[in-house]
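Visitor: Numbering (this note's numbering), first residue to last: 589 to 784.
1. Just checking my contact of residue 630 with residue 730 at CB under 8 Å: how many whole Å lie between their CB atoms?
2. Need the endpoints of the beta strand (DSSP E) that residue 730 sits in, please.
3. Using DSSP's beta-bridge definition, name the partner residues of residue 677.
4. Which runs of the alpha helix (DSSP H), 4 residues or longer, sit entirely within the segment 637-722?
5. Examine the Cβ distances between the segment 598-611 and the segment 628-645 and report whether three or more of them are shorter than 8 Å.
6. Please return the same chain residues whose Cβ sits closer than 6 Å to the Cβ of residue 739, not counting the five positions on each side in sequence.
7. Below 8 Å, can you find three or more Cβ-Cβ pairs linking the segment 676-684 to the segment 746-764?
8. Mind checking which residues open and close the beta strand (DSSP E) that includes residue 739?
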């Protein structure tokens, strides 16, 4: 699940390490997901350490009374580190001195492409692998609360698409859900139907 909306989300700004809370007064649109979540006998909710993700996880936990009293925090669920792109919109980046690096990062076939002072796709894939190993070791239904680009990379991995391509092809709305199924010894599969 992607976290709820922040001011930077509403302004379409890249946000990774800047720790921003959810927009105050924003009414979370979780009602349509509540019945879906209940069907899966969720035993645990795990969140990125970012405020916006923890706040979302705690809200889900409160709405879904069957969840445990607190959420677990996994650092590997943090958003892709956008480095010097942080706080900018795509339009601002395309008009800035960072435009060549931004275009290279978004369009490169190489998983080693990296934003200035940011994180490479290779590093993100390493965190995704670590996440999948931890999830498989738990062997239970759970909710991961994370971030737009990280979730797009996670889904890209599940369907066998490069992260740099997947982040352009896959949409993740605030509070959006994706369902993944795990089988022992194999990579996760995107479950049908896809819930967004």
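No residue lacks a Cβ here, since even glycine has one placed at the ideal position from N, Cα and C. In this text the structure is predicted, and so the values were computed from the model without any measurement.
Guide: In this structure, then:
1. 6 Å
2. 730-733
3. 601
4. 639-651, 678-682, 687-695
5. yes
6. 590, 760
7. no
8. Counting along the chain, residue 739 falls outside any beta strand (DSSP E), though it belongs to the alpha helix (DSSP H) covering 736-747.
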